[in-house]
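>
Residue numbers (my numbering): 843 to 1078.
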């Protein structure tokens, strides 16, 4: 009798399973950029539904020459020394902490005669965007630029803090009222009284609120009665 050969091992190998159609159906994919953008829009929409303003910014518009002129002529009676000028970084920190959102600073400069590069570089290091301007000798280039910026902000999101005493900005700032938070940061006693007519406007003091100076300034402060402490005047 002829012996039968044992079956070949390969004969008993399992046949590969047919692919599961459920698991092999191609998924519809989107570019990563589209997914990121979609996620961003969803977060923004959810934040808006919750009334969350964390996505907003505060635009801080600084009229540098107005602050410097007021400090020199009305408070010190002379040209301020570098150490007597405001610590500009404290303004951004104050606004950001006060309103709980990032502050973006635009610092307007009249560079018609020359551009103070060292000061511009210092502003950049402090987080400001310098806006250097030039024009004819009879043009108030800083005022014109701030007015245009306030008008342009009507088409942008974000709250606004103006750092100036000048009444020339009252109308344009008032045009933003009702749709966002507005503030003016200046020396209280020299700020134009016309700003008081803007509904909802918050008023801040450069020295007393923002603590923008390293040493006390020689100012005559009007003290709210709730803050009056006679001991301040009875020190020996």
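Beta carbons are placed, not taken as given, at the ideal position from N, Cα and C, and that holds for glycine.
Which of the three DSSP states, helix, strand or coil, is assigned to residue 980?
coil
> Hey, quick one: how far does the beta strand (DSSP E) through residue 1025 stretch, first residue to last?
1024 to 1028
> Straight-line CA distance for residue 1036 to residue 906?
20 Å
> Assuming residue 1077 is part of the alpha helix (DSSP H), what are its boundary residues?
Looking at the DSSP string, residue 1077 is not in any alpha helix (DSSP H), and its letter there is neither H nor E.
> Near residue 997, what residues of its chain come up, given a Cβ to Cβ distance below 6 Å and the 5 sequence neighbours on each side ignored?
none
> If you draw a straight line from the alpha carbon of residue 821 to that of residue 957, how long is it in whole angstroms?
No statement about residue 821 is possible, as the shown extent of the chain runs from 843 to 1078 and does not include it.
> Since residue 970 sits in a beta bridge, which residues does DSSP pair it with?
947
> If we call anything under 7 Å between Cβ atoms a contact, is residue 1007 one with residue 912?
yes
> Between the segment 939 to 957 and the segment 967 to 986, do at least 3 Cβ pairs fall closer than 8 Å?
yes
> According to the neighbour-count rule (16 or more other Cβ atoms, all chains shown, within 10 Å of its Cβ), is residue 864 buried or exposed?
The pLDDT assigned to residue 864 is 43, lower than 50, so where the model puts this residue is not dependable; a value taken from the coordinates is nonetheless given after this. Burial check for residue 864: the Cβ neighbour count within 10 Å stays below 16, so the residue is exposed.
> Please state whether the Cβ-Cβ distance between residue 1019 and residue 1000 is less than 7 Å.
no
> Using alpha carbons as the reference points, say which of 1011, 939 and 945 lies closest to residue 908.
1011
> Output the distance between the C-alpha atoms of residue 994 and residue 947, rounded to the nearest integer angstrom.
Spanning the alpha carbons of residue 994 and residue 947 requires a straight line of approximately 16 Å.
> Give the C-beta separation of residue 899 and residue 943 to the nearest angstrom, bearing in mind that I take them to be a contact with Cβ-Cβ under 8 Å.
That pair is a contact at about 6 Å.
> Could you name the residues of the same chain whose beta carbon sits closer than 6 Å to that of residue 1055, not counting the 5 residues immediately before and after it, in chain order?
1049
> If we call anything under 7 Å between Cβ atoms a contact, is residue 916 one with residue 1075?
no
> Pull up the DSSP beta-bridge partners for residue 901, would you.
946 and 1002
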